[in-house]
Amino acid sequence: VTLEAIAGSDNSDGGVRHGRLLVRLVEAMWEGDPGPLAAVRDDLLSVAGADVLVDAVAVSANFHMMTRVADGTGTPLDPGTDEASLGFRDEIEVNDLVSRRHVSTA
Numbered sequence: 465v466t467l468e469a470i471a472g473s474d475n476s477d478g479g480v481r482h483g484r485l486l487v488r489l490v491e492a493m494w495e496g497d498p499g500p501l502a503a504v505r506d507d508l509l510s511v512a513g514a515d516v517l518v519d520a521v522a523v524s525a526n527f528h529m530m531t532r533v534a535d536g537t538g539t540p541l542d543p544g545t546d547e548a549s550l551g552f553r554d555e556i557e558v559n560d561l562v563s564r565r566h567v568s569t570a
């Protein structure tokens with residue numbers, strides 16, 4: 465797994481059409497500031513069209529929904545995924561998120 469394409473919007477497009485704008489969109493959604501979010505939304509809409517914008521926001525919303533459902537039901541990672549993703553989870557600091565507090569590290 466490489467994080468180069470998602471480590472910041474100045475790096476590259478990640479080999480994805482409109483990748484830089486999509487990264488900017490995700491960063492703006494994460495930061496939650498309405499000004500930058502509106503700006504990148506308008507940029508993506510004018511360059512890529514409404515279908516790409518709607519799909520990108522829907523994918524993000526779906527990931528948030530799936531995580532909340534899994535956390536809400538106490539669904540743990542299966543042992544294979546848990547072990548295989550340990551280094552990656554540490555690298556992106558997902559283990560520090562509030563939603564991981566209920567997960568046993570033993």
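The sequence shown begins at 465 in this note's numbering and counts up one residue at a time.
Here a beta-carbon is modelled for each residue, glycine too, at the ideal position from N, C-alpha and C.
Residue i, buried or exposed, once every other Cβ within 10 Å from all chains shown has been counted against 16
i    : result
L561 : exposed
A502 : exposed
L550 : exposed
V511 : exposed
A492 : buried
V533 : exposed
V487 : buried
Spatially closest choice to residue i from the options, by CA coordinates
i    : options                : result
V504 : T537, E495, L485       : L485
L509 : G499, G496, L489, A548 : L489
W494 : A514, E555, V516, S524 : S524
T531 : V558, E547, A514, D554 : V558
Coil, strand or helix - residue i by DSSP
i    : result
P540 : coil
G513 : coil
G551 : helix
R481 : coil
E491 : helix
D497 : coil
L486 : helix
L508 : helix
Contact between the stretch 478 to 497 and the stretch 513 to 533 (3+ Cβ pairs under 8 angstroms): yes
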